[in-house]
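The sequence shown lines up with residues 853 to 1139 when you count with the numbering used here.
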Amino acid sequence: MICNLCPRGCGAKRNEYDGLGVCRMGTLPRVARIAPHMWEEPCISGERGSGTVFFSGCTLRCVFCQNYEISAKNRGRTITVKTLADEFKRLEELGVHNINLVSPTPYVYAILEALEIYKPSIPVVYNTSGYEKAETLRLLDGAVDVYLPDFKYAMAELSKMYSAADNYVESAISAIEEMLRQTGGPEFGADGILKRGTVIRHLVLPNHTKNSIAVLDIIKERFGGALVSLMGQYVPLGNASRYEKLNRKITQREYKKVKAHLFALDLDGFVQELSSADEKYVPTWDY
């Protein structure tokens, strides 16, 4: 295929096993872990875990990626579409609350084909960096129940510096608007698990509270009906040590400042504890 699935618009040639685009992935799914995952938001992980499929490769390439081994170094193995469908079924049989697709963008066509082979009776979660094309997301309308996008940046200079994507802000805004169009407001089951809706995640970066505050302002202004998940789990992984401003965890003072703005805007959602900033929460890439 000639690929233009993401906002990069690479027009890159991809065959089944490799590709020439920014993600460097083929069209068949390459995965690094498929297992119940307990460390998502409470309404996603619940008591039995989220059935998470960690895909290899990424369209964004953040220098501080917490999953750098699979997003940039492409650790994992290639499987067939039928195997992916079988794994959806296996996860559901384990009793997880949902099927959680992490960094799925390069594999949209394979995922849709797998869901035609086996459609779980539990929600399907699309867990993404937010760097998406609305046109691609429209292909998923009716197949995805919950969108879990990051909204990393409100400042193009930061997205260009740290993710080599100077069009991140407008792409993420357009994408999240499409996600909300598809899901509407949040719908919870009797067990407190999110059955349908959009949860916007924002990871606070050290030395960049102005960016976080600007992100929250955009969410308030444009994304009514979405839940917000404010994350303090930042650890300088990947290539973050090469950037002086990123080479530490966030401070209590920084996080308190951003949380105060979240509360002042009366945004509904979740606030992560700073104790989550620990490498022990990085999964084992054992698939």
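Positions of the beta carbon are idealized from the N, C-alpha and C atoms, including for glycine. Predicted, not measured: the structure shown is a model, and the values here were computed from it.
Measuring alpha carbon to alpha carbon, tell me which of the options ends up nearest residue i.
i, options, result
"residue 880", "930, 913, 999 and 983", "930"
"residue 1116", "1072, 896 and 1061", "1072"
"residue 1090", "1018, 992 and 1099", "1099"
"residue 927", "864, 1020, 908 and 1092", "908"
"residue 938", "1123, 965 and 1044", "965"
"residue 889", "947, 917 and 857", "947"
"residue 1109", "1096, 1123 and 1097", "1123"
"residue 1114", "1061, 1096, 1131 and 1086", "1061"
"residue 1002", "1056, 960, 961 and 1033", "1056"
"residue 974", "949, 986 and 959", "949"
"residue 1125", "1095, 1097, 1093 and 1081", "1081"
For residue i and residue j, I'd like the C-alpha separation in whole angstroms.
i, j, result
"residue 982", "residue 956", "11 Å"
"residue 984", "residue 945", "31 Å"
"residue 980", "residue 953", "8 Å"
"residue 969", "residue 903", "18 Å"
"residue 1004", "residue 919", "15 Å"
"residue 923", "residue 1077", "30 Å"
"residue 1067", "residue 1010", "12 Å"
"residue 1135", "residue 1036", "31 Å"
"residue 934", "residue 971", "12 Å"
"residue 1070", "residue 1054", "12 Å"
"residue 996", "residue 1031", "9 Å"
"residue 1020", "residue 1014", "11 Å"
"residue 1086", "residue 1130", "8 Å"
"residue 1016", "residue 1023", "13 Å"
"residue 883", "residue 914", "19 Å"
"residue 872", "residue 865", "6 Å"
Secondary structure at residue i, three-state DSSP: helix, strand or coil?
i, result
"residue 937", "helix"
"residue 889", "strand"
"residue 1125", "coil"
"residue 1102", "coil"
"residue 1110", "helix"
"residue 952", "strand"
"residue 854", "strand"
"residue 908", "coil"
"residue 913", "coil"
"residue 1046", "strand"
"residue 1040", "strand"
"residue 918", "coil"
Bridge partners for residue i per DSSP, in chain order?
i, result
"residue 1053", "1002 and 1081"
"residue 866", "871"
"residue 930", "882"
"residue 826", "Residue 826 cannot be examined here, being either before or after the span of the chain that is shown, 853 to 1139."
"residue 902", "889"
Pull up the CB-CB distance for residue i and residue j, whole angstroms please, since I reckon it's below 8 Å.
i, j, result
"residue 886", "residue 1139", "6 Å"
"residue 1038", "residue 1049", "3 Å"
"residue 898", "residue 1120", "The pair is not a contact, with the Cβ atoms about 19 Å apart (cut-off 8 Å)."
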